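Chemist: Under this note's numbering, think of the first position of the sequence shown as -18, with each following residue one higher. Built from N, CA and C at the ideal position, the CB exists for glycine as well. In this text the structure is predicted, and so the values were computed from the model without any measurement.
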Amino acid sequence: LILGLQPVLLGALYTEGHVTGDELALVATAEMIAIGIGSAIVAMLLPARNMRWKSAALLVLLALANFWTAYAGSPNGLIGARILAGVAEGGLVAVATELIARSRRAERIGGYFVTLQTLAQCALALILALYAVPAAGSAGGFIALGIVCLLSLVVAWIVPDDYADLPKEEQFGNVATVPAITALLSIFCYFMFFGAVWAFLEPIGAQFGIDGRTIGLMVSASLAAQVIGAMTATVFEARIDYRFAITIIGIVAAISSVLLASGPGLSVFWAVALVMGFILLFIVPYQI
């Protein structure tokens, strides 16, 4: 859930003076790198056995990391807490994706997974922005996130205990080629752009007189726009050439960055947030 909630939670940390702009970047980056590491550990190094217990353990670890974040007294403590959270989050993503990969209709179930987790982020972002953060600050937001993790333990016991073997051995012979590496780098740069803007959305808004509560509403609406973007891509994916789609979305992303840097008013800021949410998931089928 954290990637969709970063503008609300990390923005609150910045607004309350717990971190500077540079420290905010370190916290966000450390967590995202840790998500990748956690996902790789669970998916590649651990056997797909006892997944129920692993899911429960990761949820408890993530809850503890969120509680630690709420009470961390220094930037280094925050970075450590978010690294721990990232490892647990990455592991949980791997638990879900490994199960999806073994299903009969992986593409459809994967679509359901993306849609449901985005809607969950949308709802939680709204709750945090309207209630938890205004009432108890960033600490209240991370405590609420920790409680959600503990409540999710109920779902962990629905996870199959042992996963079946993957249906086939994947072939990686065509990965180490110039076209493949170029494609991966373009995807990397796109998400680097989105992550950089997303993590700093509240500080950027504050610079132009937009309060944190309004930013939280923008985040929730933007997450809903992500779902609309994914649904739109499903309808038009076969009708639009992927090179054209990626080029146009890249131009839209660049224009969005320029608008955010130009001192936008409230209506323009709203529009940019919604457009960024829409293009984030709209482009995924073309990147694949």
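Give me the Cα-Cα distance between Leu(-6) and Arg33, rounded to the nearest whole angstrom.
Modeler: When rounded, the distance between both Cα atoms is 33 Å.
Chemist: CB-CB under 7 Å to Leu134, same chain, minus the five flanking residues each way: which ones, in chain order?
Modeler: Counting only Cβ-Cβ distances below 7 Å, and skipping sequence neighbours, we find Ala37, Leu40.
Chemist: Take Phe174 as the anchor and find which of Gln207, Val136, Ala235 has the nearest alpha-carbon.
Modeler: When each option's Cα is compared against that of Phe174, the closest is Ala235.
Chemist: Check whether the segment 11 to 29 and the segment 63 to 73 are in contact - that is, three or more C-beta pairs closer than 8 Å.
Modeler: The segment 11 to 29 vs the segment 63 to 73: in contact.
Chemist: What are the boundary residues of the alpha helix (DSSP H) that includes Leu80?
Modeler: From DSSP, the alpha helix (DSSP H) with Leu80 extends over 56 to 82.
Chemist: Which residue's Cα is closest to the Cα of Phe217: Val178, Tyr267, Leu261?
Modeler: Among Val178, Tyr267, Leu261, the Cα nearest to that of Phe217 belongs to Tyr267.
Chemist: Applying the criterion that 16 or more other CB atoms from any shown protein chain within 10 Å of the CB defines a buried residue, is Ile(-17) buried or exposed?
Modeler: By the 10 Å Cβ count, Ile(-17) comes out buried.
Chemist: Give me the residue from Ile227, Ala202, Val178 with the minimum Cα distance to Gly2.
Modeler: Among Ile227, Ala202, Val178, the Cα nearest to that of Gly2 is on Val178.
Chemist: Among Gln207, Ala44, Ala252, which residue has its Cα nearest to the Cα of Leu97?
Modeler: Nearest option by C-alpha distance: Gln207.
Chemist: The alpha helix (DSSP H) with Ala6 in it runs from where to where?
Modeler: Taken as a continuous stretch (DSSP letters only), the alpha helix (DSSP H) holding Ala6 covers 2 to 21.
Chemist: Measure the CB-CB distance between Ile232 and Ile264 and report whether it falls below 8 Å.
Modeler: No.
Chemist: Should Ala235 be flagged as near chain C, meaning a C-beta pair shorter than 8 Å?
Modeler: Annotation note: the requested chain C is absent from the structure, which comprises a single protein chain.
Chemist: Pick helix, strand or coil for Phe250, following the three-state DSSP scheme.
Modeler: Reduced to three states, the DSSP call for Phe250 is helix.
Chemist: For the segment 2 to 20 and the segment 95 to 111, state whether three or more C-beta atom pairs, one from each stretch, are separated by less than 8 Å.
Modeler: Touching, no, given that fewer than three Cβ pairs across the two stretches are closer than 8 Å.
Chemist: Using the Cα positions of Ala116 and Ile260, report the straight-line distance between them to the nearest angstrom.
Modeler: Taking the straight line joining both Cα atoms gives about 33 Å.
Chemist: Alpha carbon to alpha carbon, how far is Ala205 from Ser237?
Modeler: For Ala205 and Ser237, the distance between alpha carbons rounds to 18 Å.
Chemist: According to DSSP, is Trp138 helix, strand or coil?
Modeler: Trp138: coil per DSSP, three-state reduction.
Chemist: Please list, in chain order, all residues of the same chain as Glu4 whose beta carbon is under 6 Å from its beta carbon, the five residues on each side excluded.
Modeler: Here the set comprises Pro56.
Chemist: Look up Ala51 in the DSSP assignment and say whether it is helix, strand or coil.
Modeler: In the structure shown, Ala51 sits in a helix (DSSP, three-state: H, G or I).
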